[in-house]
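Participant: Encoded as structure tokens, here's the structure I'll be asking about.
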Amino acid sequence: MTNHVPFVLMSFMVIGKETEKVQSQKSFAKDQASGTLYLVPTPIGNLGDMTFRAVEILKEVDIIASEDTRNTQKLLNHFEIETKQISFHEYNTHERVPELVERLKNGETIAQVSDAGMPSISDPGHDLVVACIKQGITVVPLPGANAGLTALIASGLEPQPFYFFGFLNRKPVEQKRQLEKLVNKEETLIFYEAPHRLKKTLTNMSSILGKDRSAVLCRELTKKFEEFLRGTLAELLEWANDNEIRGEFVVIVEGNSHAVQPGEQLPEIPIEDQINNLISAGEKPTAAIKKVAKLRGLKKQDVYALYHHLNDKDQPD
Numbered sequence: 019m020t021n022h023v024p025f026v027l028m029s030f031m032v033i034g035k036e037t038e039k040v041q042s043q044k045s046f047a048k049d050q051a052s053g054t055l056y057l058v059p060t061p062i063g064n065l066g067d068m069t070f071r072a073v074e075i076l077k078e079v080d081i082i083a084s085e086d087t088r089n090t091q092k093l094l095n096h097f098e099i100e101t102k103q104i105s106f107h108e109y110n111t112h113e114r115v116p117e118l119v120e121r122l123k124n125g126e127t128i129a130q131v132s133d134a135g136m137p138s139i140s141d142p143g144h145d146l147v148v149a150c151i152k153q154g155i156t157v158v159p160l161p162g163a164n165a166g167l168t169a170l171i172a173s174g175l176e177p178q179p180f181y182f183f184g185f186l187n188r189k190p191v192e193q194k195r196q197l198e199k200l201v202n203k204e205e206t207l208i209f210y211e212a213p214h215r216l217k218k219t220l221t222n223m224s225s226i227l228g229k230d231r232s233a234v235l236c237r238e239l240t241k242k243f244e245e246f247l248r249g250t251l252a253e254l255l256e257w258a259n260d261n262e263i264r265g266e267f268v269v270i271v272e273g274n275s276h277a278v279q280p281g282e283q284l285p286e287i288p289i290e291d292q293i294n295n296l297i298s299a300g301e302k303p304t305a306a307i308k309k310v311a312k313l314r315g316l317k318k319q320d321v322y323a324l325y326h327h328l329n330d331k332d333q334p335d
């Protein structure tokens with residue numbers, strides 16, 4: 019790790035004097051009053067990526083809470099794991115969380131797994147983690163496969179800082195709103211997308227984030243047909259329109275190197291350049307002019323005239 023701050027903070031909590039406001043979890047204390055919830059990553063494609071520790075934990079726990087029991091059973095069969103499963107997905111969260119917490123309070127150990135990769139990110143595991151923390155139940159995470167980071171390190175785009183978003187909203191209007199909020203993000207952006215929605219998502223990304231933004235489509239990670247497609251958002255959209263789309267995708271998009279934040283624009287930057295930076299980032303010209311006028315405290319009509327080199331008599335009403 020290059021950033022040692024988390025380690026310093028952790029050390030302080032262990033050796034420092036604990037206060038009533040700090041909840042301390044010693045994950046492997048021998049005098050645990052309840053069971054332990056293990057967050058166990060599973061392979062994102064290649065079964066060889068399963069860790070020895072993950073297999074060991076899945077064999078030792080009392081029960082496995084699985085996003086899809088049929089899918090997880092294939093994994094269990096491959097590694098000769100006989101532990102029983104219980105379904106835990108987005109449609110039974112409200113009933114399952116109290117049930118699983120109660121079992122943990124009674125001393126049972128539970129492993130939570132998703133269909134693929136790290137649990138508690140794109141599944142309801144987070145709700146269970148929060149409930150356990152509130153009850154003082156130990157939560158132990160295991161390291162393992164993650165599609166977003168696996169794609170990022172091979173993308174060729176800046177690996178840090180990055181902004182993990184995951185799945186965008188399926189509704190077109192909501193998806194556009196989400197992307198509009200990401201236009202000025204300087205961090206490399208990480209998204210997940212299903213094959214049948216990829217074209218529409220790339221269309222919106224190209225329109226809103228900017229067609230010249232560099233991006234990478236990462237398909238079928240760790241599997242036989244793993245593929246990386248690199249280009250601009252416009253080029254990748256063209257590829258998607260010309261090819262049959264198969265497999266799950268991670269979409270990596272470069273950050274905005276011309277991001278415009280309120281109060282951060284230098285006064286000496288010409289208004290025309292400032293507007294063009296916004297347009298390059300995906301803003302429509304009218305919206306860019308309006309934003310620059312607001313940032314500089316000018317009238318929109320004056321900025322419009324300056325940008326289009328109009329005389330007073332040529333300005334629109």
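Residue numbers (our numbering): 19 to 335.
We put the CB at the ideal spot given by N, CA and C, even for glycine.
In the DSSP assignment, the alpha helix (DSSP H) including residue 143 goes from what residue to what residue?
Facilitator: Note, residue 143: alpha helix (DSSP H), 143 to 152.
Participant: Would you tell me roughly how many angstroms separate the C-alpha atoms of residue 232 and residue 126, rounded to the nearest one?
Facilitator: Looking at the two C-alpha atoms, the distance is approximately 49 Å.
Participant: Compare the C-beta of residue 195 against all C-beta atoms of chain D and say whether one is closer than 8 Å.
Facilitator: Annotation note: the requested chain D is absent from the structure, which comprises a single protein chain.
Participant: Quick one: which unbroken beta strand (DSSP E) runs of 3-plus residues sit fully inside the region 37 to 61? Chain order, please.
Facilitator: With a minimum length of 3 residues, the continuous beta strand (DSSP E) runs that stay inside the region 37 to 61 are 54 to 57.
Participant: Skipping 5 residues on each side, what residues in its chain have a beta carbon closer than 8 Å to that of residue 70?
Facilitator: Around residue 70: no qualifying Cβ.
Participant: Can you tell me whether residue 283 is helix, strand or coil according to DSSP?
Facilitator: Reliability of the predicted coordinates at residue 283 is poor, the pLDDT of 47 falling under 50, and the value obtained from them is presented with this limitation in mind. Residue state, collapsed to three classes: coil.
Participant: Smallest Cα separation from residue 188: which of 180, 197, 181 and 182?
Facilitator: Comparing Cα-Cα distances from residue 188 to each of 180, 197, 181 and 182, the minimum goes to 197.
Participant: Just the Cα atoms here: how many angstroms apart are residue 238 and residue 244?
Facilitator: Spanning the two alpha carbons is a distance of roughly 5 Å.
Participant: Run through DSSP, which three-state label would residue 264 get?
Facilitator: Here residue 264 sits in coil by DSSP.
Participant: Take residue 322 as the anchor and find which of 299, 301, 143 and 293 has the nearest alpha-carbon.
Facilitator: Checking every option, the nearest Cα to that of residue 322 belongs to 293.
Participant: Looking at C-alpha atoms only, which residue of 106, 55 and 134 is the closest neighbour of residue 93?
Facilitator: Looking at the Cα atoms, 134 is the closest of the given residues.
Participant: Look at residue 234 and residue 174 and say whether their C-beta atoms are less than 8 Å apart.
Facilitator: Yes, the pair counts as a contact, with Cβ atoms nearer than the cut-off.
Participant: Can you tell me whether residue 66 is helix, strand or coil according to DSSP?
Facilitator: In this structure, residue 66 counts as helix in the three-state DSSP scheme.
Participant: Nearest-angstrom Cα distance between residue 266 and residue 42?
Facilitator: Going by the C-alpha atoms only, they are around 39 Å apart.
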